[in-house]
Each structure stands twice: as structure tokens, then as C-alpha cells.
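Notes to accompany the following structure.
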Amino acid sequence: MPPVEDDINTQYITRKVGRTSVVLLPQPISKKAALKELLLNDTNLMKEAIIEYIRDNPGYANEILRETYKAIAEQIQGTLNKENSAKASSLPEHSYLRLIEQDEFHKNVEAYKKMEEELNNDPSYRGAFVVLYKQKVVAKGHDKVKLLQDVYHEYGYVPVLVHKVGGKGIVHYRSPRSK
Amino acid sequence: MTDDNTYPYDENLEPPAPAFRISVRSEFTHREESEIFALIDSGADHSTIPKSLAMTLQLIPHDFRECYDFEGKYHGVVPVYYVTLVFGSFSFNVESSEVDANELLIGRDVLNQIRLLLDGKNLNFTISQ
Chain A
1 MPPVEDDINT QYITRKVGRT SVVLLPQPIS KKAALKELLL NDTNLMKEAI
51 IEYIRDNPGY ANEILRETYK AIAEQIQGTL NKENSAKASS LPEHSYLRLI
101 EQDEFHKNVE AYKKMEEELN NDPSYRGAFV VLYKQKVVAK GHDKVKLLQD
151 VYHEYGYVPV LVHKVGGKGI VHYRSPRSK
Chain B
180 MTDDNTYPYD ENLEPPAPAF RISVRSEFTH REESEIFALI DSGADHSTIP
230 KSLAMTLQLI PHDFRECYDF EGKYHGVVPV YYVTLVFGSF SFNVESSEVD
280 ANELLIGRDV LNQIRLLLDG KNLNFTISQ
């Protein structure tokens, strides 16, 4: 296994798992390289390393899992592309990861719609933006961009829903066109 | 582009229409795509992006909108993303809805921040502050 120490700086965490020195990084891009490396070499060791890391650093769980999905998706896609099948060539980039994210997005939308009336009737929520993460309200506020930045800072770039309570949330698009 | 912010109509459309190539980037994924076909559409409440572009930029939706077309036909919930639209000397951070279409629509969320001169006789349009 080629060394991954090139990526290390003082913020990184090095762990010894079995015979392999595993480097899991708080920054997604560098961590991706480490995960890919490990995935290609020993899947079981990767699982052990990830579980151990998440136990010790629960705050990074979502980032780590997201990068893991991505590494697995890339590996699957790479294998399919090598086979040069018609199906593989039509697979969009990161399609597997996107399916997971879209599914989580729709779950959050459904959860919001279920609680919409209740939120509308609560003066402390009416007119505010609420943040749903894993189908639960985790924050509220009046600055949408700041809310989103805060939530991404806390959970990583993961599917969340930031929606205005009582907002119309409607879009009309596209003028009529001839074919 | 004939000068800084004047662009020819796209004559591949029938009849020709104000459309041009722009760049779109995400401040969250740090990805950027250039040469994206964009149609100016004052009938669109908000700017929209094609699904394929959302995938290429690896965007994750953060909000949703209920989507209706020009006939009032309901198209369901569509995901919303933060993107930056870049053309000429302009750049706009917008919340764009994803739609099943080939082109990006520049809607009134952007158009209401600029001056737009449609010179249909000469088949060009000018964008200014």
C-alpha cells in the first residue's frame, strides 16, 4: 500500500489498524484519498477503521460515511466502466451517492409536510426558517444562508432541509415554447 | 458576445431568443461548469437548472418548491440548490430549482437585479447594472 502520509498535517489523526496505518482526515478531500486507498486494499480493515474512528469522533460520522459512500460508488462505477457495458457508460457521475441524497431529501420534505400545520400554528416558528436533519427540526432562525452554513459546519455537506414556515415555496417556470 | 455585456440572440431557436453560454459554480462543492446554455425567461419566477447540471456539480438540495408550468400544471416538488451564475462581469448567488430540461433558465430573481435591453430588431441583447 503506497504511503498516504503526504497528506498529513498536525490536524490529522493516524491510527494503527492491524498491519495498516490508516489516516482518516477531517477534511473530506484528503480523507477521500485515504479511504479509497484503504478500500482498494482491504475492505474489512476499512470498516474496522471507520467504526473505530466514528466511536472516537462522532461529530465526523456523517462526513466519514459520506466519503465512504462516495469511495464505494466510485469503485463500483470504475468496475462497471471497465466492463464497458452499455449500462455502465450511461451511469451518471456519483449516481449511487445521489440516490442516497435524493432519498434523504424527499424524506425531509415529507417530514416537513407532516409537521407543517403544527409549525404554522406555533408563533415561535411562523415566518422563521426551520432546519430539518434526518427528519427532525434541529435549528430555526431568520437568516437562511447563515442557518445553512452553520448546519453544514456542524454536520458536513449532507442533505438537510431549510424551509420557511408559512412561505409559499412555489415556482412558475418556462414560457410556452413551440416544439 | 459583441462587447462586454452584449450578446447575440441564439438563432438556432425558432424564432431567435436571448440565450447565451454562462458559467455555473457551487460555493459548497467548489465545482464549476462553463459553457452552460442559458435562456433568458422573464416568465420564470426563479432561475432553474437542469437536473444533469445539478448532478455534475454534485449539489445537494437544501430546500424545495412546488413547481407549476406556464399552464398552471403542477409538476410536484422540485429540489432547490444554491448556485452562482456567472456571465460577463456579473455574478449572482441564487436559489435555483431543478427541472427536467436541457437548458438553464435565467428567471426574474436575476432579471430584477439588472437592466436588460432586448434589441430584437438587431437580434442582440445587452445586460448592464
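These protein sequence lines are chains A and B, in that order. Everything in the first sequence is counted per this note's numbering, starting at 1 for the first residue and increasing by one. Everything in the second sequence is counted per this note's numbering, starting at 180 for the first residue and increasing by one. Note that CB positions come from ideal geometry on N, CA and C, so glycine has one too.
Item to check | CA nearest to the CA of residue 117(A), picked from 55(A), 54(A), 173(A), 167(A) | outcome: The shortest CA-to-CA distance from residue 117(A) to any of 55(A), 54(A), 173(A), 167(A) is the one to 167(A).
Next on the checklist: So that I know if they touch, is there some Cβ in chain A lying closer than 8 Å to that of residue 200(B)?
Outcome noted: With 8 Å as the cut-off, residue 200(B) does not count as an interface residue toward chain A.
Next on the checklist: Can you look up residue 68(A) in the DSSP assignment and give me helix, strand or coil?
Outcome noted: Three-state result, residue 68(A): helix.
Item to check | Residue span of the beta strand (DSSP E) that contains residue 275(B), given as start and end | outcome: Residue 275(B) -> beta strand (DSSP E) spans 269-278.
Checklist entry - Are the CB atoms of residue 303(B) and residue 185(B) nearer to each other than 8 Å? => result Cβ atoms of residue 303(B) and residue 185(B): closer than 8 Å.
Checklist entry - Can you list, in chain order, the residues of its chain whose CB lies under 7 Å from that of residue 257(B), leaving out five sequence neighbours each side? => result Excluding residues up to 5 positions away in sequence, 243, 244, 246, 276, 277, 278 lie with their Cβ nearer than 7 Å to the Cβ of residue 257(B) in the same chain.
Next on the checklist: Please state the DSSP three-state secondary structure of residue 172(A).
Outcome noted: It is a strand residue.
Checklist entry - Which residue from 172(A), 145(A), 162(A) puts its Cα closest to that of residue 134(A)? => result Taking only the C-alpha atoms, the option nearest residue 134(A) is 162(A).
Next on the checklist: So that I know if they touch, is there some Cβ in chain A lying closer than 8 Å to that of residue 223(B)?
Outcome noted: Chain A has a Cβ within less than 8 Å of the Cβ of residue 223(B).
Next on the checklist: As a quick exercise: from 152(A), 123(A), 164(A), 172(A), pick the residue whose alpha carbon is nearest that of residue 63(A).
Outcome noted: Of the candidates 152(A), 123(A), 164(A), 172(A), 152(A) places its Cα closest to the Cα of residue 63(A).
Item to check | Cutoff 8 Å: residue 64(A) Cβ touching any chain B Cβ | outcome: No - not a single Cβ of chain B is within 8 Å of the one on residue 64(A).
Next on the checklist: Give me the residue from 225(B), 201(B), 189(B) with the minimum Cα distance to residue 248(B).
Outcome noted: Among 225(B), 201(B), 189(B), the Cα nearest to that of residue 248(B) belongs to 225(B).
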